[in-house]
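One structure is given below, encoded as structure tokens.
There are 2 protein chains.
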Amino acid sequence: MKKILFSTVLALLISLSMFAQQNLDFGKAKGITSPEINADNTVTFRLNAPSARKVEVQGDWMPAKGWVPGTNKMTKGDNGVWTYTTEVLPSELYSYSFIVDSLRMSDPNNVYFIRDVASVVNVFIVGGDRGNLYKVNDVPHGTVARRWYNSPGLNMTRRLTVYTPAGYETGKEKYPVLYLLHGMGGDEEAWIALGRASQILDNLIAQGKAKPMIVVMPNGHTSNTAAPGESSKGYYKPTMEAPDVFTGDMELSFEDIIKFVESNYRVKADKADRAITGLSMGGFHSLYISSNYPNTFDYIGLFSPAIMPPQNSQSAIYQNMDGKLNEQMKNGYTLYWIGIGSTDFLYKSVADYRKKLDGMNMKYVYRESTGGHTWANWRVYLSEFVPLLFK
Amino acid sequence: MKKILFSTVLALLISLSMFAQQNLDFGKAKGITSPEINADNTVTFRLNAPSARKVEVQGDWMPAKGWVPGTNKMTKGDNGVWTYTTEVLPSELYSYSFIVDSLRMSDPNNVYFIRDVASVVNVFIVGGDRGNLYKVNDVPHGTVARRWYNSPGLNMTRRLTVYTPAGYETGKEKYPVLYLLHGMGGDEEAWIALGRASQILDNLIAQGKAKPMIVVMPNGHTSNTAAPGESSKGYYKPTMEAPDVFTGDMELSFEDIIKFVESNYRVKADKADRAITGLSMGGFHSLYISSNYPNTFDYIGLFSPAIMPPQNSQSAIYQNMDGKLNEQMKNGYTLYWIGIGSTDFLYKSVADYRKKLDGMNMKYVYRESTGGHTWANWRVYLSEFVPLLFK
């Protein structure tokens, strides 16, 4: 074979990338690292923007004003690189953006970002404590699959995400199933992305704190077949508004998901091995699905649930709730878990729902955290809920 | 149940998102759509940046200068929104960024973006022709799974991506397997993201143009266990440089991947039902794997391959190549497919390799396209290669 100078072509390949990236990305000066997690868990941000007049970092570790995350001004160095170092941050997964002369932008030196409905934010993890549960660690990893299932109830083929624990494919054991539901505007990617569900499950199972289980993450918006960009709707601008919200369609068609899972996976298909939980709208779904499917779930979780019986909905799902909850109580369950942040805007409605449950002597475990309607809380709730399942 | 005003809470939930997004994202003015694919396949970009002095769009449909994609100036309107409309664009998947006062940034109104090594770019698809193959269409969809396999050869557990065609899980049929390899700096996400492999396979299979097959996308950098952010290395800044490049480790340990696939999936485990191809470094891998594993692959593809026998490598993989190619020829194969763009910087080395094959009378199919070392070409090559397999 004719010998070509290996090192020459290798250098070409590398310079091709370097050159392209350097020129494509004016914010990416040589040697810049951003964010840098320092040894003391302060975090330094850097942006090369010599001609900018004002640069801020906006992130969810700073006190928010209303719903708007706080900001801090960055300082321009002689080299045109703006920097800012935080105080010591508690172990957590954080999100942030830069604001350059009033324009929000991603950090060009950080390729890790997550879409939340229509917003895209950079992320980083401060380890040491809680954040370790959200990291990929050297433990056995489950499989994450995006699959399509048939929903006769909706007359659609729909996409869902399934986590199967390490060892599922090579063993013969049957597994319990957790159905994990997202909030309004979300989709079958939400719990995997901002929720870190596969990392939390991998880590809790490896630590012996959770039983190996299958986790099924469907799409709770029945007017969609899949997440934005993953269906024949193509690339469109996602919004929170959906015509399907609280129509009862999700709850009514949920049996299609259970049937699909139980005929396609090696599962223990009984009440003692089914759990359902969700955040916000997904908490609402969990409440109504668990009460409308009698004797189906032994474990129910409501994470910052939106509890609101729609007054105008004609759906049978929302009728005769007192009777349904009484039947659910009579049939029995192992765990009814409610979590809410003390500053969540849904706090009052959850308190009212608890009073109702107290009044009918329906038992539940109540977890009140600090904070509001945030993914930080939902990751904590998942981390606490999962170890209680299938024991 | 105590009735809470449904419409009130729903409005709260929606405004929560609207408010948060509006304030988080200064570039996202109400009603802005960007990019907008117009009826005539021109494309309009918009950015709300009232205080910017100069805004450009940089994209891969414009003539590049060297490796740098071309740019076009956007025009500021009275409302502070900058716009630019392209000429009519051929059907294709395109990538772009904005450059605002010399700083590259993503389009805040487009949540569709792809990471390529260390660069993040927005994407859009112009349909009508080739681009339709890259879209999610209303056809049966395969499953895409991220799994971990054991590699005794590397003493590692490693991540790979597996596409199984629609019907795989519910049928009993055995399937042929295509091993699909990425280029330098890439990983097991590359072909799924910029390569649109699952859409191309779904669409070609639905059109009857390709046989249903399993597609296995491993990680070709043996110093990594997984893509950036997906291993215990955590979040780091990806680079093109890797100590493992052309060491022979990937080729030597490839049998671990084949063994994993053939013992974990319902596959036809014979030469006639195995294909291997890859782009750039992955083309190099395909050349050496197919010639070092005698009688293993009936279908070999080299997409813009980096063909360079390392002069310094001690690996047995790169020794006695004439003998190995002669044996491969003697053993026989169905297809040896080489694709290269006429302006690819590797054109000359591929021409030299073809001369070598001609000289030894080793048959191959040659496909010369326009353009260079680009994903646009690799998607085309995959779309043309896959229909030739397993017939």
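Chains as they are written, first to last, in our numbering: chain A, 1 to 391; chain B, 1001 to 1391.
Glycine included, every Cβ here is placed at the ideal spot set by N, Cα and C.
Computed from a prediction, not measured in an experiment: that's the story for all the values here.
Contact under 7 Å by Cβ, residue i with residue j
i	j	result
PRO1454 (chain B)	ASP1060 (chain B)	Beyond the ends of chain B as shown, which are 1001 and 1391, falls residue 1454 (chain B); an answer cannot be given.
ASP187 (chain A)	ASN150 (chain A)	no
GLY372 (chain A)	THR343 (chain A)	yes
ARG367 (chain A)	GLY341 (chain A)	no
LEU302 (chain A)	GLY283 (chain A)	yes
THR247 (chain A)	LEU154 (chain A)	no
PRO1176 (chain B)	ASP1273 (chain B)	yes
GLY71 (chain A)	GLU56 (chain A)	Correcting the residue identity first, residue 71 (chain A) is Thr in this sequence and not Gly. Cβ atoms of THR71 (chain A) and GLU56 (chain A): closer than 7 Å.
SER280 (chain A)	GLY183 (chain A)	yes
SER1369 (chain B)	ASN1377 (chain B)	yes
ARG158 (chain A)	THR225 (chain A)	yes
ASN1041 (chain B)	VAL1126 (chain B)	yes
ILE392 (chain A)	ILE317 (chain A)	Nothing can be reported for residue 392 (chain A): it is not among the residues displayed for chain A, which extend from 1 to 391.
TYR265 (chain A)	ILE214 (chain A)	yes
ILE1181 (chain B)	GLY1031 (chain B)	Reading off the sequence shown, one finds Leu at residue 1181 (chain B), where the question assumed Ile. Their beta carbons are not under 7 Å apart, which means LEU1181 (chain B) does not touch GLY1031 (chain B) by this criterion.
ASN1295 (chain B)	ASN1320 (chain B)	no
GLU189 (chain A)	ALA242 (chain A)	no
ALA118 (chain A)	VAL1111 (chain B)	yes
SER95 (chain A)	GLN58 (chain A)	no
TYR353 (chain A)	ILE307 (chain A)	yes
MET250 (chain A)	HIS285 (chain A)	yes
Partners in chain A for residue i, counting only beta-carbon separations shorter than 7 Å
i	result
HIS1141 (chain B)	TRP148
GLY1229 (chain B)	TYR112
ASP1138 (chain B)	SER232
Amino acids of chain B, ordered along the chain, whose beta-carbon sits closer than 9 Å to that of residue i
i	result
PHE124 (chain A)	TYR1235
Neighbouring residues, chain A, relative to residue i (Cβ below 9 Å)
i	result
LYS1391 (chain B)	Within 9 Å Cβ-Cβ: nothing; LYS1391 (chain B) doesn't reach chain A, min ~27 Å.
Interface residues of chain B facing residue i [CB-CB closer than 7 Å]
i	result
PRO108 (chain A)	ARG1104
SER51 (chain A)	ASP1101 and SER1102
Residue from the options with nearest C-alpha to residue i
i	options	result
ASN1166 (chain B)	A:PRO108, A:TYR288 and A:ARG147	Note that residue 1166 (chain B) is Ala in the sequence shown, not Asn. Closest by alpha carbon: A:ARG147.
PHE390 (chain A)	A:SER286, A:ARG104 and A:LYS271	A:LYS271
ASP244 (chain A)	A:SER315, A:ALA206 and A:VAL215	A:SER315
SER232 (chain A)	A:VAL380, A:MET156 and A:ILE200	A:MET156
VAL120 (chain A)	A:ALA193, A:LYS348 and A:ASP358	A:ALA193
ASN48 (chain A)	A:ALA39, A:SER106 and A:TRP67	A:SER106
LYS1363 (chain B)	B:THR1370, B:ALA1306 and B:ASP1298	B:ASP1298
ASN79 (chain A)	A:ALA52, A:ASP129 and A:SER102	A:ALA52
LYS230 (chain A)	B:ALA1039, B:ASN1331, B:GLU1230 and B:ASP1138	What sits at residue 230 (chain A) in the sequence shown is Glu, not Lys. Comparing Cα positions, the closest option is B:ASP1138.
GLU1327 (chain B)	B:ASP1202, B:ARG1104 and B:SER1290	B:SER1290
THR1075 (chain B)	B:PRO1063, B:THR1044, B:TYR1168 and B:MET1062	B:THR1044
GLU1036 (chain B)	A:TRP67, A:TYR236 and A:SER102	A:TYR236
8 Å Cβ cut-off: residues of chain B touching residue i
i	result
LYS135 (chain A)	SER1232 and GLY1234
VAL267 (chain A)	Per Cβ cutoff of 8 Å: no residues; VAL267 (chain A) is ~14 Å from chain B at best.
Close Cβ partners of residue i (< 8 Å) along its chain, the five nearest in sequence each way excluded
i	result
GLU1384 (chain B)	GLY1339 and ARG1367
ILE257 (chain A)	TYR149, SER151, LEU160, TYR179, VAL216 and PRO218
PHE113 (chain A)	SER106, VAL120, VAL121, ASN122 and VAL123
THR1374 (chain B)	ASP1060 and GLY1341
Contacts of residue i in chain A (Cβ-Cβ under 8 Å)
i	result
THR1033 (chain B)	LYS237
ALA1145 (chain B)	THR143, VAL144, ALA145 and ARG146
ARG1354 (chain B)	None at all; the shortest Cβ gap to chain A is about 11 Å.
GLU1169 (chain B)	ARG147 and ASN264
ARG1115 (chain B)	VAL111
Cβ-based neighbour list, residue i, same chain, cut-off 7 Å, excluding 5 preceding and 5 following
i	result
PRO387 (chain A)	LEU204, LYS209 and ALA210
ARG196 (chain A)	LEU93, TYR134 and ARG379
VAL100 (chain A)	ALA49, ALA52 and VAL55
LEU382 (chain A)	GLY195, ALA197 and ILE200
VAL88 (chain A)	ASP40, ASN41 and THR42
heavy atom of the ligand PLP below 6 Å from residue i C-beta
i	result
ILE214 (chain A)	Among the components modelled here there is no ligand, and therefore nothing to report on the ligand PLP.
Cβ-based neighbour list, residue i, same chain, cut-off 6 Å, excluding 5 preceding and 5 following
i	result
PHE1260 (chain B)	TYR1149
VAL81 (chain A)	ARG46 and ASN48
ARG115 (chain A)	none
PHE1254 (chain B)	ILE1289
Interface residues of chain D facing residue i [CB-CB closer than 8 Å]
i	result
ASP1270 (chain B)	No chain D appears in the structure shown, which is made up of the protein chains A and B.
Inset, instruction - Write down every uninterrupted run of the beta strand (DSSP E) in the stretch 1318-1359 of chain B whose length is 3 residues or greater and which is fully enclosed by it, in chain order. - result: Those beta strand (DSSP E) runs which fall completely within the stretch 1318-1359 of chain B and span 3+ residues are 1335-1341.
Inset, instruction - Give, in chain order, every unbroken run of the beta strand (DSSP E) that is at least 3 residues long and sits entirely within the stretch 1175-1235 of chain B. - result: Within the stretch 1175-1235 of chain B, the complete beta strand (DSSP E) runs of at least 3 residues are 1177-1181 and 1214-1217.
Inset, instruction - Ignoring anything shorter than 3 residues or poking outside the stretch 128-152 of chain A, list the beta strand (DSSP E) runs there in chain order. - result: Counting only runs of 3 or more, we get 143-151.
Legend entry - 3 or more residues per run - each beta strand (DSSP E) lying fully within the stretch 245-283 of chain A: DSSP runs (the beta strand (DSSP E)) wholly in the stretch 245-283 of chain A: 274-279.
Legend entry - alpha helix (DSSP H) runs contained entirely in the stretch 81-126 of chain A, provided each spans 4 or more residues: As far as the stretch 81-126 of chain A is concerned, it has no whole alpha helix (DSSP H) run of at least 4 residues.
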